[in-house]
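Just so you know, we're using UniProt numbering here: the sequence shown kicks off at 1 and counts up by one.
Okay, structure first, notes after.
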Amino acid sequence: MPRPRGWQVAVVFVMIGAGAVFFTAPLVLDGDEAAKTSTITPSEAPSETASETASEVPSEASSEPPSEPPAEEPSPEFLQALPKEVCETVAEETFLKWVPDGTRESYGSAWAGSCGYGGPDGAPYLRLETRLGNTVDGADPVGTTKWSFDQDFQSDSTDKESKTLRLEKAPGLGDDAYRRVFVEPGTSKATVARIELRVQNVIITVAYARPYEGKPEEQVDACLEGAEAVAREALEMYT
């Protein structure tokens, strides 16, 4: 069974809809506020006893200035590089559960990577891709990633080459997510489930193809189940 479009090992991670190369930029966060102090003014003149007490040398504890609250480490709102290789974000056992005896194909850089498991033609194929948002010319990483995600959804919504069996939003997966089940054009008899999700400036895409004998609808549930299992496990790295 030929691989679904765009699943070759030599994939170069260039989004068809977005047309952007993905890079990252650091984020500057505001510092902590200064600690607040209070002043107490006595309402009566001090008594003789109080004056004598005031003339005494204060204890070491009372002479120490009030302590400031501990500073908090700022947490970045977007990633500057992938924390791990893509194949390390999902256990191999998870892939092999859905593609028994599959062999691994991988590609990766600091900003994008993929991990796929497949076998000979006619066997299931499962692929995970992860990429970071574009910051070229000082662009906002989260904003450009949202735009890229929306372009992908629009592209899948208007695709006329493949037969779409299901296309819907997928709440509960990151900040944005959708899933699509379709049949690739050509002679390959395979049902493909594709789940794409976004969390901050990270986009995770999972595609799972299974051959069918009768109708492609027979494999819809199995394809979605396998794709979502990998997507949820990969998402744990970024939440």
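All residues carry an ideal CB built from backbone N, CA and C; glycine is no exception.
Put simply, of R232, M237, A227 the residue whose alpha carbon is nearest the alpha carbon of R127 is A227. Apart from the 5 residues on each side of it in sequence, D176 sits with its Cβ closer than 6 angstroms to the Cβ of F149, R198 in its chain, given in chain order. For P83 and K146, the gap between their C-alpha atoms comes out near 20 angstroms.
Nearest in C-alpha terms to S188, of all of C115, W98, D121, is D121. Between the beta-carbon of G118 and that of G108 there is about 17 angstroms, and that puts the pair past the 8 angstroms contact cut. R179 is positioned such that its CB atom lies closer than 9 angstroms to that of A170. A Cβ-Cβ separation of about 18 angstroms leaves A139 out of contact with A110 under the 8 angstroms criterion. In this structure, the straight-line span from the alpha carbon of M237 to that of V86 is close to 10 angstroms. Around the beta carbon of R210, a 10 Å sphere encloses 16 or more other beta carbons of the protein chains shown; the residue is thus reported as buried. Judged by beta-carbon spacing, Y125 lies beyond the 9 angstroms limit of A234, meaning their Cβ atoms are not closer than that value.
By alpha-carbon distance to A231, the top candidate from R104, E184, L167, E129 is E129. Here I203 really is in contact with R131; their C-beta atoms are around 5 angstroms apart, less than 8 angstroms. For E233, the enclosing alpha helix (DSSP H) starts and ends at 220-235.
When the beta-carbon positions are compared, K163 and V183 come within less than 9 angstroms of each other. In its chain, beyond the 5 residues on either side, L165, V183, T191 have a beta carbon closer than 7 angstroms to the beta carbon of P216. T205 counts as buried, since no fewer than 16 other beta carbons sit within 10 angstroms of its beta carbon. As the crow flies, the alpha-carbon of F153 is around 30 angstroms from that of P100.
Check the Cα spacing between C115 and each of P185, V220, E88: the tightest is with E88. For D176, the enclosing beta strand (DSSP E) has its first and last residue at 176-183.
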